[in-house]
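Numbered per the working numbering, the sequence shown finishes at 1534, counting up by one with no gaps.
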Amino acid sequence: MLEGFAVGRKHIAPESGAVQRQVPLSVLVAAKNEERNIGRCLQALQWAEQVVVVDSSSTDRTARIASEMGREVVQFAYAGSYPKKRQWALDHVAWRHPWVLLLDADEEVTPALAEEIARVLDRVDRVGYFVLKQFHFLGRRLRFGGFSHSALILLRRGGARFEAVTGSDASGLDMEVHERLIVGGATARLAQPLVHHDFKGLAAYVDRHNRYSTWEAHVRRQMKRGVHGEDRVRARPWGDVQERRRFLKRIAMSLPFEPWLWFCYHYVLRLGFLDGRRGLVAAQLRRAYIEQVRAKLYEMQLAEGR
């Protein structure tokens, strides 16, 4: 028996207000060394008929916890090129339902969001839904700062694919981070948020974002060289959430004071200071992240002789 979790789905008592029926939905949970988070994530998915944990040879108890909670575990071995983990899983896992929900192991579906998802699965005029990822930091939800963002995570199978970024990078990341989904139809937005929280601590957060910054530097280099990839989300000021974010990023990355621009955006313009010291630390980490991205991009350009 794993501490804090009953073994097997039928032994876990449902939360108050949770969906009491099995919903014909497939869920893809991407994970690697997530023993601190995976149990909470899976416990909140008891209502989903199919949940597949796509692991990357975790060295902790991630796969064991998932298996003992009655969920299928599939191992992914990254070949160093497209597709990465989520797209590979969308292409190769035996999904039983037309709709797939994409989650990370540190994300939790609330009962209200589960109910909303169950209500929209019969819609035939949509291929995807955006959901607000409600950002929790240092043990508490950040109410301000604009750190929460919408992402396309509920997909009709075959209706969207992750964009393919050309070239190789040194980050070693086997999962999509800044790649967006190219959608082949109409989308909508769900009203209820997804809870994004991480119990692995600040050191793990900083380490993870160090690797993310290496990948983003590679993506920016490809964008500057005009070889970002044939299949990609376009940068459009009046497009959907993904296209607007790509448009704003192109503008921001051209400014010499970009790191401080992001700090001011989160801490001042979006009132991050109202979250106290947590808001300050989060804004500082965002600024430091962008500084790392720009420094690594400069290093890449020096190595290319430019």
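Beta carbons: idealized from backbone N, C-alpha and C, even for Gly.
1. Can you give me the start and stop residues for the beta strand (DSSP E) that Asp1332 sits inside?
2. Below 8 Å CB to CB, which residues in the same chain sit around Thr1290 once its five sequence neighbours on both sides are set aside?
3. Does the Cβ-Cβ distance between Gln1250 and Arg1324 come in under 8 Å?
4. By the 10 Å Cβ neighbour count, where 16 or more other Cβ atoms means buried, how is Glu1532 classified, buried or exposed?
5. Are Leu1256 and Leu1341 close, meaning C-beta to C-beta below 8 Å?
6. Taking the DSSP output, what are the residues bridged to Gln1362?
7. If you pair each beta-carbon of the segment 1493 to 1506 with each one of the segment 1367 to 1385, do three or more pairs fall below 8 Å?
8. If distances are taken between C-alpha atoms only, which option among Arg1522, Met1297, Gln1271 and Val1348 comes closest to Trp1443?
9. Classify Trp1466: buried if its beta carbon has 16 or more other beta carbons within 10 angstroms, exposed otherwise.
10. Rounded to whole angstroms, what's the CA-CA distance from Gln1315 to Val1328? Just pull it up for me.
11. Could you pull the start and end residues of the beta strand (DSSP E) that Phe1390 belongs to?
12. Could you tell me which of Tyr1433, Ala1317 and His1377 sits nearest to Val1423, measuring between CA atoms?
13. Which residues share a DSSP beta bridge with Asp1283?
14. Give the range of the alpha helix (DSSP H) segment to which Arg1522 is assigned.
The answer reads as follows:
1. Trp1327 to Asp1332
2. Around Thr1290: Ala1259, Lys1260, Asn1261, Glu1262, Glu1263, Ile1266, Val1281, Asp1283 and Ala1333.
3. Remark: C-beta atoms of Gln1250 and Arg1324 do not approach each other more closely than 8 Å.
4. exposed
5. no
6. Val1423
7. yes
8. Comparing Cα positions, the closest option is Arg1522.
9. exposed
10. About 12 Å.
11. Under the DSSP assignment, Phe1390 falls in the beta strand (DSSP E) whose first and last residues are Ala1388 to Phe1390.
12. His1377
13. Answer by DSSP bridge pairing, in chain order: Ala1259 and Gln1303.
14. From DSSP, the alpha helix (DSSP H) with Arg1522 extends over Gly1504 to Ala1531.
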